[in-house]
Amino acid sequence: MMVKVTFVSSDGTRREVEIAEGETAREAALFNDVPGIDGDCGGVCACATCHVHVDPAWIDRVGRLVEGAAEAELLQFAEGANEYSRLACQIPMVEGVEGLILHVPEQQY
Numbered sequence: 001m002m003v004k005v006t007f008v009s010s011d012g013t014r015r016e017v018e019i020a021e022g023e024t025a026r027e028a029a030l031f032n033d034v035p036g037i038d039g040d041c042g043g044v045c046a047c048a049t050c051h052v053h054v055d056p057a058w059i060d061r062v063g064r065l066v067e068g069a070a071e072a073e074l075l076q077f078a079e080g081a082n083e084y085s086r087l088a089c090q091i092p093m094v095e096g097v098e099g100l101i102l103h104v105p106e107q108q109y
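In full-length UniProt numbering, the protein residues as written are 1 to 109.
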């Protein structure tokens with residue numbers, strides 16, 4: 001099954017892509033050349049290059065950042081992190097996220 005995800009750039013440009021269920025939002029961005037998502041993390045040393053802001057209407061379905069979790073620790077260093085911040089690599093494409101909207105920060109780091 002394919003899942004549709006919309007990435008909204010900092011200038012408001014919307015880009016709707018499809019990705020197979022089971023993949024992540026990071027893979028959706030990279031496989032579809034979404035601008036602003038580097039996603040070249042290679043591990044903890046350079047993480048948060050797939051930082052996104054989950055649209056407020058979607059945050060409860062996707063899940064909020066868990067304080068003290070590794071993802072939260074990595075996002076401490078992300079430019080423009082806020083209460084809707086998540087790493088796209090940690091957002092799986094599963095049933096219930098069809099139509100998900102993710103906002104790409106103006107810069108990643």
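Where a beta carbon is used, it is the ideal one built from N, C-alpha and C, also for glycine.
Neighbourhood of A48 by C-beta, 7 angstroms cutoff - its chain only, sequence neighbours within 5 removed: L74, L75, F77, A78, L87, Q108 and Y109
With distances taken between CB atoms, is the gap from G39 to S9 smaller than 7 angstroms? no
Whole angstroms is fine: what's the gap from E98's alpha carbon to Q90's? 16 angstroms
In this structure, does DSSP put L65 in helix, strand or coil? coil
CB of R14 within 7 angstroms of CB of V34, strictly: no
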